[in-house]
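Student: Below you'll find the structure I mean.
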Amino acid sequence: MRIVFATNNRNKVAEITEILPGGFEILNLKEIRCYEKLPETQKTIKGNAIQKAKFVFDNYGYNCFADDTGLEIDVLNGEPGVFSARYAGISCNSEDNIHKVLQKMNQQENRNARFRTVIALIIDGKETLFYG
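With my numbering as the guide, the letters of the sequence shown map in order to residues 52 to 183.
Following this line, the structure appears as structure tokens:
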């Protein structure tokens, strides 16, 4: 079965290819000639994963899956969450995001946090969600 992973990250594609049993051909966005930036305008990681998968399915007609991940920090009420990659601002980098997190957590004893991931899978128009 051919299925698109809505990413251009070769490492992600390689990891998924290694995990899945035989019979799957995993394609990335470039392989289906999708050169557009996928939309990520939702307020939750679940929403973003669904939005990206639907975009590929609706515009390119491929069975596909997309993921979104966010860092959730207890003392920050779940921030940065869906905004993890752009927490310090749209034009900022990972170091800027880390600096902002550490600055907001300054003097806090509770450092509990987790990464949360949602994968949206669309096969023949049927959507299935996976959480981790």
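Glycine included, every Cβ here is placed at the ideal spot set by N, Cα and C.
Determine the direct distance from the alpha carbon of G176 to that of I67, and round the result to whole angstroms.
Tutor: In the sequence shown, the residue the question calls residue 67 occupies position 16. In the sequence shown, the residue the question calls residue 176 occupies position 125. Each residue's Cα considered, the two are about 21 Å apart.
Student: I'd like to check one pair, A136 with A171: are the Cβ atoms closer than 8 Å?
Tutor: Residue numbering aside, residue 171 sits at position 120 when the sequence shown is read from its first letter. Residue numbering aside, residue 136 sits at position 85 when the sequence shown is read from its first letter. No, they are not a contact pair.
Student: Got a sec, what are the start and stop residues for the beta strand (DSSP E) A164 sits in?
Tutor: Locating residue 164 in the sequence shown gives position 113, where the first residue counts as 1. Counting along the chain, the beta strand (DSSP E) containing A164 begins and ends at 164-174.
Student: Considering D147, what are the terminal residues of the alpha helix (DSSP H) in which it resides?
Tutor: For the purposes of this step, residue 147 is taken as the residue at position 96 of the sequence shown. Note, D147: alpha helix (DSSP H), 145-156.
Student: What's the gap between the Cα of A104 and the Cα of N62?
Tutor: As a working mapping, residue 104 is identified with position 53 in the sequence shown. As a working mapping, residue 62 is identified with position 11 in the sequence shown. Using only the alpha carbons, I get a separation of about 19 Å.
Student: For Q159, which residues in the same chain have their Cβ closer than 6 Å to its Cβ, ignoring the five residues on either side in sequence?
Tutor: Taking the sequence shown and counting its residues from 1, the one referred to as residue 159 is at position 108. Cβ contact annotation for Q159 (same chain, cutoff 6 Å, sequence separation greater than five): V126, in chain order.
Student: Would you call the stretch 97-114 in contact with the stretch 138-154, where contact means no fewer than 3 C-beta pairs closer than 8 Å?
Tutor: no
Student: Within a Cβ cutoff of 6 Å, which residues of the same chain sit near E123, ignoring the five residues on either side of it in sequence?
Tutor: Position 72 of the sequence shown holds residue 123. The residues are G129, G132, R165, R167.
Student: Within the same chain, show all residues whose beta-carbon is closer than 7 Å to that of C85, passing over the 5 residues directly before and after it, in chain order.
Tutor: As a first step, residue 85 is located in the sequence shown; it is residue number 34 there, counting from the start. Result list for C85: V107, Y111, in chain order.
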